[in-house]
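Only one structure is covered here, and it is reproduced in the block below.
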Amino acid sequence: MLKGGPSTDRLLLTGNEAVAFGAMAANVKWVASYPMSPSTSAFIEVVSHARDLKIATLQPEDEIAALCMSIGASYGGVRSMVTTSGGGFSLMVEALGLAAMTETPVVIYNAQRPGPSTGLPTRTEQSDLLFSAFASQGEFPRIVLAPKDILDAFHTTVRGFNLADQFQVPVIILGDQYLADSAANIAPLDVTSVEIDRGKLARPADGDEYMRYRLTDDGISPRAFPGDEGVFVVSSGNTHLEDGHITEDPKIRNAMVEKFMKKVPAIREALKPPLLTGRADSKMCLVTWGSTWGAVSEAAEKLNKSGLSISHLHFTDLYPLRTGLLNEFFAKAERVVSVEQNATSQFASLVTMETGLRFDHHINKYDGRPMTPHWVMQMVEEVIA
1462 MLKGGPSTDR LLLTGNEAVA FGAMAANVKW VASYPMSPST SAFIEVVSHA RDLKIATLQP
1522 EDEIAALCMS IGASYGGVRS MVTTSGGGFS LMVEALGLAA MTETPVVIYN AQRPGPSTGL
1582 PTRTEQSDLL FSAFASQGEF PRIVLAPKDI LDAFHTTVRG FNLADQFQVP VIILGDQYLA
1642 DSAANIAPLD VTSVEIDRGK LARPADGDEY MRYRLTDDGI SPRAFPGDEG VFVVSSGNTH
1702 LEDGHITEDP KIRNAMVEKF MKKVPAIREA LKPPLLTGRA DSKMCLVTWG STWGAVSEAA
1762 EKLNKSGLSI SHLHFTDLYP LRTGLLNEFF AKAERVVSVE QNATSQFASL VTMETGLRFD
1822 HHINKYDGRP MTPHWVMQMV EEVIA
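Residue numbering for the sequence shown follows the numbering used here, beginning at 1462 and increasing consecutively.
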């Protein structure tokens, strides 16, 4: 599965396995996890291949250690990942800020489940979106992605590693119990077509002093790793000078915050636009994200066959939000309806926060059970009525 090219065989793969294979195809070399349902099987899948692929894996004492160790591994030069669920991610929040301040790329896979606290540990929900977009103190760029299906989980994980390296930011991949444990019969994964982009890497010193946080036009400084010939790498969780040593100079503080923010426009451009199914000028546009894609797309197709005019706008790349197409869709569709597996329409709130656009109606499911096409059709018919 991980060594060959295209094959005529089929694969029976779960969402967690797809995330694991995406990480391995992206050349992950360190994975840490404190077991937490429903993410654990992704970690176990990597562990089962770790010896053959020379991947270091560890179950540490807690989730705090898992992310701190993964940041350290990335600082040392390898691609790293942690797997967890919402409760574990809660413990990782301070370390998330460390990854941001040190501009150390790391991938966090959060397989969501209903909370708060223990909640429903073996059920599904999409309730960690806003938490993921704004977790940790301070202001800094991060990327939040949510695969739409099992095959997309593989490709999104690969992209997550590339984006983390390109922009030197933490990347959070939001799955959920439904996606994590669902299985699908899919075409083989052609890992030979996977492209790996490690981003800006510093060349051996040519006489200039290496500065890990050199101010650049795009906010991205070339990375070097401890032990690289001819460079001395200094990094700190404090506000720092270009060379990495700490400072409280207000002008430097301004420059470093602005360095963070310079990355955001380029990140937005690198993210995938939403997928539109149907006509933009439909009577009703259903807006979704993540694993609800399958149920809602099937429901929209059946509703259209019954004579209704329904379009479906689906997002996998959630934050920072690509806002360019939203004004067009909101202007053309007669009614725009969010469909989310949470109680508070979190993605709709994010859209309104970023654009000022408001949805006409919200469809929400938060009982821990996955959406079905039949349920979505019923909810749409109630909105129409």
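Heads up, the beta-carbon is just placed ideally off N, CA and C, and yes, glycines get one too.
Whole-number beta carbon distance between residue j and residue i, since they are thought to touch under 8 Å
i     : j     : result
Y1570 : S1500 : 6 Å
I1604 : V1567 : Incorrect: roughly 11 Å between the Cβ atoms, too far for contact.
A1645 : L1474 : 6 Å
I1611 : G1476 : 5 Å
M1717 : T1700 : 6 Å
Nearest to residue i (by Cα), restricted to the options the options
i     : options                       : result
L1519 : G1537, S1541 and S1498        : S1541
T1565 : P1687, W1750 and V1812        : P1687
I1634 : V1543, H1775 and D1651        : V1543
E1524 : P1711, A1756, F1592 and L1557 : L1557
M1485 : A1511, R1819, S1551 and L1474 : A1511
Y1624 : M1745, L1528, K1733 and L1590 : Note that residue 1624 is Leu in the sequence shown here, rather than Tyr. When only C-alpha atoms are compared, the closest one is K1733.
I1845 : S1810, G1829, E1656 and L1764 : L1764
V1619 : S1502, D1637 and D1651        : D1651
F1628 : T1563, S1770, L1786 and G1537 : T1563
A1572 : H1706, G1547, L1590 and A1663 : G1547
K1435 : D1637, P1582, E1600 and E1690 : What the structure shows of the chain is the stretch from 1462 to 1846, and residue 1435 is not part of that stretch, so it cannot be assessed.
E1762 : V1837, A1503 and D1642        : V1837
V1489 : Q1587, A1534, D1689 and R1819 : A1534
S1743 : R1796, D1589, L1786 and D1710 : R1796
G1817 : S1588, I1771 and F1791        : F1791
L1606 : R1819, A1517, R1783 and D1689 : R1783
P1521 : S1578, T1545, S1682 and K1712 : T1545
V1630 : H1701, T1738, I1824 and V1725 : V1725
E1690 : E1670, S1578, N1825 and R1819 : E1670
E1600 : D1589, D1613 and E1555        : E1555
A1760 : G1785, V1695, V1694 and M1832 : M1832
V1694 : E1506, Y1536 and F1595        : Y1536
Check whether residue i and residue j have beta carbons under 9 Å apart
i     : j     : result
T1753 : K1720 : no
D1778 : V1798 : no
M1722 : G1680 : yes
E1801 : W1750 : yes
G1829 : P1602 : no
G1705 : M1672 : yes
S1593 : Y1780 : yes
R1437 : P1683 : Absent from the model: residue 1437. The displayed extent of the chain is 1462 to 1846, so no value can be given.
I1771 : L1736 : no
P1711 : L1472 : no
F1504 : A1481 : yes
L1591 : S1810 : yes
Through-space distance from residue j to residue i, alpha-carbon basis
i     : j     : result
N1788 : H1773 : 15 Å
W1491 : A1741 : 44 Å
A1526 : G1549 : 11 Å
S1654 : H1616 : 11 Å
I1728 : A1794 : 28 Å
V1539 : E1730 : 26 Å
V1812 : H1775 : 13 Å
S1597 : M1497 : 21 Å
Q1807 : A1561 : 23 Å
A1756 : S1551 : 29 Å
Y1639 : T1585 : 6 Å
I1657 : G1621 : 11 Å
L1514 : A1479 : 16 Å
G1580 : E1815 : 30 Å
S1758 : I1647 : 18 Å
A1834 : S1502 : It should be pointed out that residue 1834 corresponds to Pro in this sequence rather than to Ala. In a straight line, the C-alpha of P1834 is about 27 Å away from that of S1502.
L1528 : Q1839 : 42 Å
A1804 : V1841 : 17 Å
A1517 : D1470 : 30 Å
M1553 : A1641 : 21 Å
V1632 : D1626 : 10 Å
E1843 : G1768 : 16 Å
K1766 : S1697 : 58 Å
H1823 : V1692 : 54 Å
Q1587 : Y1495 : 21 Å
P1577 : T1583 : 13 Å
Y1674 : I1707 : 12 Å
M1530 : A1493 : 7 Å
V1507 : A1614 : 15 Å
G1785 : S1643 : 33 Å
**OP:** With a floor of 3 residues, list each beta strand (DSSP E) that falls wholly inside the segment 1737-1814, ordered by position along the chain.
**Re:** 1745-1750, 1771-1776, 1778-1780 and 1796-1801
**OP:** Would you mind listing the beta strand (DSSP E) stretches within the segment 1587-1631 that are 3+ residues and don't spill past its ends, in chain order?
**Re:** 1604-1606
Original post:
Of all the beta strand (DSSP E) runs that stay within the bounds of the segment 1491-1568, which reach a length of 3 or more residues?
Top reply: 1517-1519 and 1540-1545
Subject >> Every unbroken alpha helix (DSSP H) inside the segment 1669-1742 [4 residues or more] >> reply: 1711-1731
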